[in-house]
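Enquirer:
Protein chains: 2
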Amino acid sequence: MPVWGCGVSPRAGLDREAVVEAAASLVDEEGLDGLTVGRLAERLGVRAPSLYNHIAGLEELKRAVAVLGVERLAGSLMRAAVGKSGEQAVFAIADAYRAFAREHPDLYAATLRAPEPGDGRYSSAAGEILEVVGAALEPYRLGSEDRLDAVRGLRSLCHGFVSLELCGGFGMPREVDRSFEQAVRTYLTGLACAGGESGVGKSD
Amino acid sequence: MPVWGCGVSPRAGLDREAVVEAAASLVDEEGLDGLTVGRLAERLGVRAPSLYNHIAGLEELKRAVAVLGVERLAGSLMRAAVGKSGEQAVFAIADAYRAFAREHPDLYAATLRAPEPGDGRYSSAAGEILEVVGAALEPYRLGSEDRLDAVRGLRSLCHGFVSLELCGGFGMPREVDRSFEQAVRTYLTGLACAGGESGVGKSD
DNA sequence: GTTTAAAACTACCTATATTAGTTTGTCAAC
DNA sequence: GTTGACAAACTAATATAGGTAGTTTTAAAC
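Protein chains in written order, with my numbering: chain A, 1 to 204; chain B, 1 to 204.
1. What first and last residue would you give for the alpha helix (DSSP H) that runs through Thr-189 (chain B)?
2. Among B:Arg-79, B:Gly-168, B:Glu-175 and B:Arg-155, whose alpha-carbon lies nearest the alpha-carbon of Val-184 (chain B)?
3. Please list the partners that Leu-148 (chain B) has in chain A, where partner means a Cβ-to-Cβ separation under 8 Å.
4. Cα-Cα, which of B:Glu-165, B:Asp-149 and B:Glu-145 is closest to Arg-205 (chain A)?
5. Would a check of beta-carbon distances place Arg-185 (chain A) closer than 9 Å to chain B?
6. I need the boundaries of the alpha helix (DSSP H) containing Ser-163 (chain B), first residue and last residue.
7. Straight-line CA distance for Thr-36 (chain A) to Arg-63 (chain A)?
8. Alpha carbons only, please: which of B:Gly-45, B:Leu-61 and B:Asp-15 is nearest the one belonging to Val-27 (chain B)?
9. Would you mind working out which of B:Ala-24, B:Glu-29 and B:Leu-58 sits nearest Gly-38 (chain B), comparing C-alpha positions?
10. Output needed in chain order: residues of the region 152–164 of chain A with a Cβ under 9 Å from some Cβ in chain B.
11. Could you pull out every residue in the same chain whose Cβ sits closer than 8 Å to the Cβ of Ala-99 (chain A), ignoring the five residues on either side in sequence?
12. Closer than 7 Å by C-beta to Arg-43 (chain B): which residues in its own chain qualify, once you throw out the five before and the five after it? Chain order, please.
13. Return the chain-ordered list of same chain residues with a C-beta closer than 7 Å to the C-beta of Val-176 (chain B), the five sequence neighbours on each side being excluded.
14. In chain order, what residues of the region 105–133 of chain A put their CB closer than 8 Å to some CB of chain B?
15. Within its chain, find whatever has a CB closer than 6 Å to the CB of Glu-71 (chain B); leave out the 5 residues flanking it on each side and keep chain order.
16. Residue range of the alpha helix (DSSP H) that Ile-93 (chain A) falls in?
17. Alpha carbons only, please: which of A:Gly-120, A:Ile-93, A:Ala-110 and A:Gly-168 is nearest the one belonging to Leu-157 (chain A)?
18. Given a threshold of 16 other Cβ atoms within 10 Å of its Cβ, counted over all protein chains shown, does Tyr-52 (chain B) qualify as buried or as exposed?
19. Which word fits Gly-190 (chain B), buried or exposed, when buried means at least 16 other C-beta atoms lie within 10 angstroms of its C-beta?
20. Does any residue of chain B bring its CB to less than 9 Å from the CB of Ala-194 (chain A)?
21. Is there a Cβ of chain B sitting closer than 9 Å to that of Glu-30 (chain A), yes or no?
22. Do the region 110–129 of chain A and the region 118–137 of chain B make contact, defined as three or more Cβ pairs closer than 8 Å?
23. Locate the alpha helix (DSSP H) running through Val-78 (chain B), then write down its first and last residues.
24. As a quick exercise: from A:His-54, A:Ser-50 and A:Leu-137, pick the residue whose alpha carbon is nearest that of Glu-17 (chain A).
25. Please decide whether Gly-69 (chain A) counts as near chain B, where near means a Cβ-Cβ distance under 9 Å.
26. Determine whether the Cβ of Phe-170 (chain B) lies closer than 9 Å to any Cβ atom of chain A.
27. Comparing the C-beta of Glu-42 (chain B) with each C-beta of chain A, is any distance below 9 Å?
28. Helix, strand or coil, according to DSSP, for Gly-38 (chain B) in the structure here?
29. Round the Cβ separation of Gly-69 (chain B) and Leu-32 (chain B) to the nearest angstrom and send it over; I've been treating them as touching at under 8 Å.
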């Protein structure tokens, strides 16, 4: 089977996977708005309309890039968590989450796009993330509902922090590392302390 | 010398404020991508190029809409928190935050755009949010650094949860209310425990 | 070789943002 | 009142981008 190199042959040998990967690279390098059909085609050595043989349109392509981003994020988190558990695992996951978003800010931003309902690859990647965080929380011995809540809470905390950080929502960048660690620690402390309700300020 | 920049225009009563407000309405009704110069102009009873007398371009307009969204969000949070403090205030703020995002999902999404550095109105609205959350945390008696961390953590938690919820990041909608309340409660418990009440879960 | 399906092409259309240059209405000074 | 200044709005036109239609080319199967 002849396998052509990229861009030289009259037949470029593109397929959907290659197009989506190139789109992800383009997003990573030039931002989400830098992803245009024309530029992507140029980078792939092809005319713009040719891409429509592989993708349904720009919107669908962006969704595909989002799915790819979630898959890569899930991979990062899993690699970070392997061989760890409990607090150590949670911190490792949280740091990996933030590191991914900082290294690939535009790809991460692309990730936020709502997926098509019923997208198997998205569901699968999202499920992996839930699973790895859930596993890290194992030592906390939470019931299944509490565990779901905790996974959602942690994911929200990480995503929210990182997202606000990328948008410049926090002022001074120097203290942000500390704030992130502290936020995760506070949440974990809350998990560990659950049961004894705080009641702070309840007298009003 | 004629001074008609403040609210009274010679011809059709259009000024920057009106344009931005109409843009926000359009975003609210038809989504961020539904905001085009042409449609906005049509809605204002004017031709598209006329808008350039009031705004610098679409990007700048979107940033202005973002600022307006943050201002309205800040207003909602302040109204929710008035007369409350401590845990009760935090829950009220968190619920108001989520309610705003659910009632105005596209305006909320527009809010995430990074503002121009040095935008006074944005800084002012962002400062109001920090202030109202910080005031709610008063009974927790945190030091100034811990307080900043806590404000950032809570804001991250709320934003992250709401953002993921809007993106369909969570599966079953029935349990989401509970998860949100639980996430906020867990974080508050973490604040209370770390603040010196019991010290449970703190590793050092 | 012939056939076939996909991949890529050219040509074209539409929508949108934006600019250039012109006209028009309102206000204030004369 | 007349007039002049100036912002507001207009018409016309340009550039870019997404997307479609229909045609050609190529790799590979028969």
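Where is the CB? At the ideal position from N, CA and C, for every residue including glycine.
Expert: In brief:
1. First-last of the alpha helix (DSSP H) with Thr-189 (chain B): 176–192.
2. Of the candidates B:Arg-79, B:Gly-168, B:Glu-175 and B:Arg-155, the one whose C-alpha sits nearest the C-alpha of Val-184 (chain B) is B:Arg-155.
3. For Leu-148 (chain B), the chain A residues whose Cβ falls inside 8 Å of its Cβ are Glu-175 and Ser-179, in order along the chain.
4. The structure shown has nothing for residue 205 (chain A), since chain A only spans 1 to 204.
5. Taking a beta-carbon distance threshold of 9 Å, Arg-185 (chain A) counts as an interface residue toward chain B.
6. That run of the alpha helix (DSSP H) goes 144–166.
7. Taking the straight line joining both Cα atoms gives about 14 Å.
8. Cα-wise, what sits closest to Val-27 (chain B) is B:Leu-61.
9. Closest by alpha carbon: B:Leu-58.
10. Listed by position, the residues of the region 152–164 of chain A near chain B (Cβ gap below 9 Å) are Arg-152, Gly-153, Leu-154, Arg-155, Ser-156, Leu-157, Cys-158, His-159, Gly-160, Phe-161, Val-162, Ser-163 and Leu-164.
11. Ser-76, listed in sequence order.
12. If we look at Arg-43 (chain B) and ignore the five residues flanking it on each side, its Cβ neighbours are Ala-22 and Leu-26.
13. Same-chain partners within the cutoff: Glu-165 and Phe-170.
14. So the list reads Leu-112, Arg-113, Ala-114, Pro-115, Pro-117 and Ala-126, given in the order they occur along the chain.
15. Excluding positions up to five away in sequence, the list reads Ala-125.
16. Start and end: 86–103.
17. Here the closest residue by C-alpha is A:Ile-93.
18. Per the 10 Å Cβ criterion, exposed.
19. The residue in question, Gly-190 (chain B), is buried, as its Cβ has 16 or more Cβ neighbours within 10 Å.
20. Yes, its Cβ sits closer than 9 Å to a Cβ of chain B.
21. So no, Glu-30 (chain A) is outside the interface.
22. Contact between the region 110–129 of chain A and the region 118–137 of chain B is absent, with fewer than three C-beta pairs closer than 8 Å.
23. Per the sequence shown, residue 78 (chain B) should be read as Met rather than Val. Met-78 (chain B) -> alpha helix (DSSP H) spans 58–81.
24. Each of A:His-54, A:Ser-50 and A:Leu-137 was checked against the Cα of Glu-17 (chain A), and the nearest Cα belongs to A:His-54.
25. Taking Cβ atoms only, chain B never reaches closer than 9 Å to Gly-69 (chain A), which makes this a no.
26. For Phe-170 (chain B), the answer is yes, since a Cβ of chain A falls inside 9 Å of its Cβ.
27. Chain A, which has no Cβ nearer than 9 Å to the Cβ of Glu-42 (chain B), makes this no.
28. Reduced to three states, the DSSP call for Gly-38 (chain B) is helix.
29. About 11 Å separates the two Cβ atoms, so there is no contact after all.
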